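Each remark here refers to the structure printed beneath this line.
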Amino acid sequence: QKEVEQNSGPLSVPEGAIASLNCTYSDRGSQSFFWYRQYSGKSPELIMSIYSNGDKEDGRFTAQLNKASQYVSLLIRDSQPSDSATYLCAVNLISSGSARQLTFGSGTQLTVLP
Amino acid sequence: DGGITQSPKYLFRKEGQNVTLSCEQNLNHDAMYWYRQDPGQGLRLIYYSQIVNDFQKGDIAEGYSVSREKKESFPLTVTSAQKNPTAFYLCASRDSSEGTEAFFGQGTRLTVV
Numbered sequence: 064q065k066e067v068e069q070n071s072g073p074l075s076v077p078e079g080a081i082a083s084l085n086c087t088y089s090d091r092g093s094q095s096f097f098w099y100r101q102y103s104g105k106s107p108e109l110i111m112s113i114y115s116n117g118d119k120e121d122g123r124f125t126a127q128l129n130k131a132s133q134y135v136s137l138l139i140r141d142s143q144p145s146d147s148a149t150y151l152c153a154v155n156l157i158s159s160g161s162a163r164q165l166t167f168g169s170g171t172q173l174t175v176l177p
Numbered sequence: 084d085g086g087i088t089q090s091p092k093y094l095f096r097k098e099g100q101n102v103t104l105s106c107e108q109n110l111n112h113d114a115m116y117w118y119r120q121d122p123g124q125g126l127r128l129i130y131y132s133q134i135v136n137d138f139q140k141g142d143i144a145e146g147y148s149v150s151r152e153k154k155e156s157f158p159l160t161v162t163s164a165q166k167n168p169t170a171f172y173l174c175a176s177r178d179s180s181e182g183t184e185a186f187f188g189q190g191t192r193l194t195v196v
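Taken in order, these protein sequences are the chains called A and B.
Numbering follows the working numbering, in which position 109 of the first sequence is assigned residue number 172; successive positions increment by one, without gaps.
Numbering follows the working numbering, in which position 77 of the second sequence is assigned residue number 160; successive positions increment by one, without gaps.
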């Protein structure tokens with residue numbers, strides 16, 4: 064099992080729709096979760112961070128965390144063509160060594176169709 | 084402006100050659116990281132450092148080496164032992180607190196010619 068797993072995609076949604084991106088993780092002790100957006104050929108940029116169970120909203124973006132199910136998701140409301148990018152889920156979990164490190168999923172490519 | 088600077092943006096390596104990728108940050112962050120990204124893939128951790136003069140191997144350290152002589156700098160050397168080095172390399176830093184986000188440089192695209 065991968066340590067951080069995302070729905071494989073690619074995902075296409077029409078403009079104005081809700082895009083739903085999902086992520087599961089292996090380390091039950093993880094406390095910090097992040098969603099990054101990466102445009103083609105560019106470096107990742109942070110969209111949302113979430114640390115507590117429940118929902119966290121920021122504009123059109125909502126992050127949802129369920130630690131019992133080891134599941135974190137990102138909803139994008141009123142999707143725009145400019146949202147077309149790869150979305151990376153990152154979790155602070157025990158990987159190499161004993162300290163928790165930021166570990167990334169393989170990403171979900173989102174295309175918003177005009 | 085605070086940030087992370089990677090150089091060069093593009094790098095070409097001949098077979099059997101060592102190359103060094105530069106990463107400098109002025110965010111006063113203790114922790115620095117190197118990730119590799121292959122097309123259509125996520126980020127894989129190569130090396131990380133949580134303090135000056137100390138660094139740890141990540142998941143794919145073979146064929147790579149690093150140093151951390153200064154807090155601001157964390158260069159990555161891709162050695163000739165790395166058989167498939169063509170990839171996008173990303174340097175990141177963050178505050179040592181576990182819950183903080185990582186900030187990324189603009190990346191270096193390395194190609195073997």
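Built from N, CA and C at the ideal position, the CB exists for glycine as well.
The structure displayed is predicted, hence computed values, not measured ones.
Exercise for review: Check whether the region 105 to 118 of chain B touches the region 126 to 146 of chain B, taking contact to mean three or more Cβ pairs, one atom from each stretch, closer than 8 Å.
Suggested key: yes
Point to revise | Neighbour flag for A/F167 against chain B, beta carbons, 8 Å | key: In the first sequence, counting from the first residue as 1, residue 167 of chain A sits at position 104. Taking Cβ atoms only, chain B reaches closer than 8 Å to A/F167, which makes this a yes.
Check your understanding: Closer than 8 Å, CB to CB, is B/E184 near chain A or not?
Key -> Taking the second sequence and counting its residues from 1, one reaches residue 184 of chain B at position 101. Chain A, which has a Cβ nearer than 8 Å to the Cβ of B/E184, makes this yes.
Practice item. For B/Q108, decide whether its Cβ has a neighbour in chain A, counting only Cβ atoms nearer than 8 Å. Key: Working through the second sequence from its first residue, we reach residue 108 of chain B at position 25. Taking Cβ atoms only, chain A never reaches closer than 8 Å to B/Q108, which makes this a no.
Exercise for review: Could you tell me which chain A residues have their CB closer than 9 Å to the CB of B/Q189, listed as they occur along the chain?
Suggested key: Your numbering for residue 189 of chain B matches position 106 in the second sequence. Near B/Q189 (Cβ distances below 9 Å), the residues of chain A are K105, S106.
Check your understanding: In three-state terms, what does DSSP make of A/S132?
Key -> Walking along the first sequence from the start, residue 132 of chain A turns up at place 69. Reduced to three states, the DSSP call for A/S132 is coil.
Review point. Can you name, in chain order, every residue of its own chain whose Cβ lies under 8 Å from the Cβ of B/E145, other than the five neighbours on each side?
Key: Locating residue 145 of chain B in the second sequence gives position 62, counting from the first residue. Hits under 8 Å: A164, Q165.
Check your understanding: Are the CB atoms of A/A131 and A/W98 nearer to each other than 8 Å?
Key -> Counting from 1 along the first sequence, the entry for residue 131 of chain A is found at position 68. Counting from 1 along the first sequence, the entry for residue 98 of chain A is found at position 35. Against a cut-off of 8 Å, the Cβ pair of A/W98 and A/A131 comes out as no contact.
Check your understanding: Three or more C-beta pairs closer than 8 Å, one from the region 76 to 94 of chain A and one from the region 145 to 155 of chain A: is that the case here?
Key -> yes
**Study point:** is_contact[B/G125, chain A] using C-beta, thresh 8 Å
**Key:** Within the second sequence, numbered from 1, the residue matching residue 125 of chain B stands at position 42. It does: the Cβ of B/G125 has a partner Cβ on chain A nearer than 8 Å.
Point to revise | As assigned by DSSP and simplified to three states, the class of B/D142 | key: For the purposes of this step, residue 142 of chain B is taken as the residue at position 59 of the second sequence. Coil, per DSSP.
Review point. How is A/D146 classed by DSSP in three states: helix, strand or coil?
Key: Against the first sequence, residue 146 of chain A aligns to sequence position 83. DSSP places A/D146 in helix when its eight states are reduced to three.
Point to revise | Limits of the unbroken beta strand (DSSP E) element including A/E120 | key: On the first sequence, residue 120 of chain A is found 57 positions in, with the first residue counted as 1. Unbroken beta strand (DSSP E) run through A/E120: 117 to 121.
Practice item. Give the DSSP-derived three-state secondary structure of A/T87 in the structure shown. Key: As a position in the first sequence, residue 87 of chain A is number 24, starting the count at 1. In this structure, A/T87 counts as strand in the three-state DSSP scheme.
Review point. Is B/Y131 close to chain A, meaning its C-beta is less than 8 Å from at least one C-beta of that chain?
Key: By 1-based counting over the second sequence, the position of residue 131 of chain B is 48. B/Y131 counts as touching chain A.
Exercise for review: Just mark B/V196 as buried or exposed, buried being the case when its beta carbon has 16 or more other beta carbons within 10 Å.
Suggested key: Counting from 1 along the second sequence, the entry for residue 196 of chain B is found at position 113. By the neighbour-count rule (16 or more Cβ atoms within 10 Å), B/V196 is not buried but exposed.
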